[in-house]
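In this note's numbering, the protein residues as written are 250 to 599.
Following: one structure in structure tokens, then a few remarks.
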Amino acid sequence: MAAKAFGIDLGTSTIKIYKKGHGIVLDERNMIAIADRKTVIATGDEAFDMYEKAPANIEITYPVRYGVIADVANMLSLLTHYMHRLGGQNKRKIGKFNPISGISGADYIVATPFDITEVERRSFYELIANSNLKVGKIKIVEKPVADAVGADLDVMSARGVMVVNIGADTTEISVLSLGGIVLSKLIPIGGNKLDEAIKSIVKRIHNLYIGDKTAENIKKKLACALPTVEASVTVYGRDVVTGLPVEMEIGSSIVYEAISEYLYSIIDAVKMILERTPPEIVSDIIDSGIYVTGGSANIFGLDELIKKETDLKINICQDPTNTVVNGLGRIMEDPKLSSLADSLRPKNLI
Ligand SMILES: Nc1ncnc2c1ncn2[C@@H]1O[C@H](COP(=O)(O)OP(=O)(O)OP(=O)(O)O)[C@@H](O)[C@H]1O
Ligand SMILES: [Mg+2]
Numbered sequence: 250m251a252a253k254a255f256g257i258d259l260g261t262s263t264i265k266i267y268k269k270g271h272g273i274v275l276d277e278r279n280m281i282a283i284a285d286r287k288t289v290i291a292t293g294d295e296a297f298d299m300y301e302k303a304p305a306n307i308e309i310t311y312p313v314r315y316g317v318i319a320d321v322a323n324m325l326s327l328l329t330h331y332m333h334r335l336g337g338q339n340k341r342k343i344g345k346f347n348p349i350s351g352i353s354g355a356d357y358i359v360a361t362p363f364d365i366t367e368v369e370r371r372s373f374y375e376l377i378a379n380s381n382l383k384v385g386k387i388k389i390v391e392k393p394v395a396d397a398v399g400a401d402l403d404v405m406s407a408r409g410v411m412v413v414n415i416g417a418d419t420t421e422i423s424v425l426s427l428g429g430i431v432l433s434k435l436i437p438i439g440g441n442k443l444d445e446a447i448k449s450i451v452k453r454i455h456n457l458y459i460g461d462k463t464a465e466n467i468k469k470k471l472a473c474a475l476p477t478v479e480a481s482v483t484v485y486g487r488d489v490v491t492g493l494p495v496e497m498e499i500g501s502s503i504v505y506e507a508i509s510e511y512l513y514s515i516i517d518a519v520k521m522i523l524e525r526t527p528p529e530i531v532s533d534i535i536d537s538g539i540y541v542t543g544g545s546a547n548i549f550g551l552d553e554l555i556k557k558e559t560d561l562k563i564n565i566c567q568d569p570t571n572t573v574v575n576g577l578g579r580i581m582e583d584p585k586l587s588s589l590a591d592s593l594r595p596k597n598l599i
């Protein structure tokens with residue numbers, strides 16, 4: 250790896266960038282706001298602030314969906330913008346080719362989900378290769394590997410580990426051993442599904458329309474994987490019948506009712522992967538437990554629920570939202586881990 254290197258975790262809801270020797274230098278919403286289908290008017294957290302408030306001519310979107318790059322053009326604009334910002338370039342010069350001292354010639358390593366097609370994996374590589382950034386080497390790391398390294402697990406040993414990353418659009422359940430992936434499944438369930446379920450139950454039970462941001466806030470305050478905690482929050486929305494804005498108290502019991510079905514679907518997928526895991530590795534997992542990462546690992550009581558359903562020890566990792574990007578950082582910093590980053594072989598680039 251060159252002296253200048255960046256590790257990128259392109260998530261559905263957030264993009265995180267690690268700079269070698271510095272740590273996490275960017276952690277923002279992975280969103281873009283475009284006016285009249287052509288002009289980028291805001292990116293990242295600024296675009297998120299505009300979300301659900303902008304007039305019809307401003308479109309605010311997430312270019313990554315379900316763990317893969319769904320909108321290449323907008324993702325490219327976002328990445329270029331973020332990198333120029335990290336390189337310290339004046340905003341007005343964005344778009345012109347002008348190598349910047351802070352990022353010029355830097356190497357990049359990008360985390361990609363494992364359970365995706367070759368074309369989808371290649372698009373992560375091409376995103377950087379086709380940008381107008383002056384890039385050095387581009388390498389790919391499987392997300393579950395970066396996740397395990399970021400969770401402080403010894404991925405090079407012959408000891409099997411299970412990592413479950415519950416993000417915004419996806420949950421990736423993986424079993425690793427000897428620096429490689431034995432099994433991995435990406436399922437389309439994550440925090441966004443929980444937000445949608447909260448929105449629809451609030452509409453059904455309270456006749457109240459709420460926005461995505463309000464639903465996410467309700468989830469962060471009230472979501473509990475077990476029906477034990479009683480709490481409530483006051484939210485604002487629009488009455489379905491009168492169409493007028495109203496204030497209402499939302500209780501944790503309906504939040505539990507909305508989200509539990511999805512939490513059980515995630516646990517079913519975990520059980521399915523456990524059933525397919527070779528017995529010797531299962532015994533390692535029984536010993537050390539399951540490691541849970543991703544922003545949605547913050548849901549209160551999730552460890553208890555998974556433990557109750559699988560009978561295994563559950564470790565919710567510290568700072569679970571950042572395990573992947575911290576893992577990329579360690580892979581860049583520690584020469585013993587550099588073999589975990591892979592250049593895409595030429596046959597994949599045809
Ligand atoms: N305290 C919390 N309680 C519940 N959910 C949370 C909390 N903090 C963050 N989340 C949820 O975590 C998700 C974001 O996690 P993360 O950053 O790991 O996702 P991502 O990497 O962008 O998505 P993906 O990996 O699916 O592409 C969001 O759905 C967010 O609402
Ligand atoms: Mg993620």
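C-beta: ideal position from N, C-alpha, C; glycine also.
Since we're looking at a predicted model, the values are computed, not measured.
Straight-line spacing of the CA atoms in K470 and G316 works out to 25 Å.
About 7 Å separates the CB atoms of L443 and A472; that is less than 8 Å, so the two are in contact. In the same chain as I430, and ignoring 5 residues on each side of it, the C-beta atoms closer than 8 Å to its own belong to F363, E391, P393, V394, S423, V424, in chain order. Placement of the Cβ of G316 at a distance of less than 8 Å from at least one heavy atom of ligand 2 is found.
Look at which beta carbons fall closer than 5 Å to any heavy atom of ligand 2; those residues are G260, G416.
Ranked by how close their Cα comes to the Cα of T559, the residues V531, D320, L457, T570 have V531 in first place. Following the DSSP letters along the chain, one finds M411 inside the beta strand (DSSP E) bounded by residues 410-415.
Distance from the Cα of I539 is smallest, within the candidate group K562, G550, A518, K520, for K562. A buried status is given to S433, since no fewer than 16 other beta-carbon atoms sit within 10 Å of its beta-carbon. Per the coordinates, the alpha-carbon of D320 lies some 17 Å from the alpha-carbon of A417. An exposed status is given to D403, since fewer than 16 other beta-carbon atoms sit within 10 Å of its beta-carbon. Taking the Cβ of N306 as the reference point, every heavy atom of ligand 1 lies at 8 Å or farther away.
If you check the C-beta of K448 against ligand 1, you find no heavy atom less than 8 Å away. Boundaries of the beta strand (DSSP E) harbouring A291: 288-292, taken from the DSSP string.
Contact between the region 296-310 and the region 330-339 is absent: fewer than 3 CB-CB pairs across the two stretches fall below 8 Å. Secondary structure note for P312: it is in no alpha helix (DSSP H), with a DSSP letter that is neither H nor E. If you draw a straight line from the Cα of N323 to the Cα of M299, it comes to about 17 Å. The Cβ-Cβ distance between T570 and A400 does not fall below 9 Å. Here the alpha carbons of I281 and I467 stand approximately 24 Å from one another. I389 places its beta carbon 9 Å or farther from that of S587. Unbroken beta strand (DSSP E) runs of no fewer than 3 residues, entirely contained in the region 374-404, are found at 384-391, following chain order. E479 has its alpha-carbon roughly 38 Å from the corresponding atom of T526.
Distance between T361 and E498, taken at the CA atoms: about 40 Å. If you check the CB distance, G293 and R278 come in under 9 Å. At the C-beta level, M405 and G428 come within 9 Å of one another. With a cut-off of 8 Å, the C-beta of D258 is classified as near ligand 1, since at least one heavy atom of the ligand falls inside that distance. Boundaries of the alpha helix (DSSP H) harbouring G578: 572-582, taken from the DSSP string. Taken in chain order, the complete alpha helix (DSSP H) segments of 4 or more residues contained in the region 422-481 are 440-455, 461-471.
Distance from the CA atom of F297 to the CA atom of T572, rounded to whole angstroms, is 23 Å. Residue pairing by DSSP places V317 opposite R314 in a beta bridge. Cβ-Cβ separation between L457 and G486: approximately 4 Å, consistent with a contact (criterion under 8 Å).
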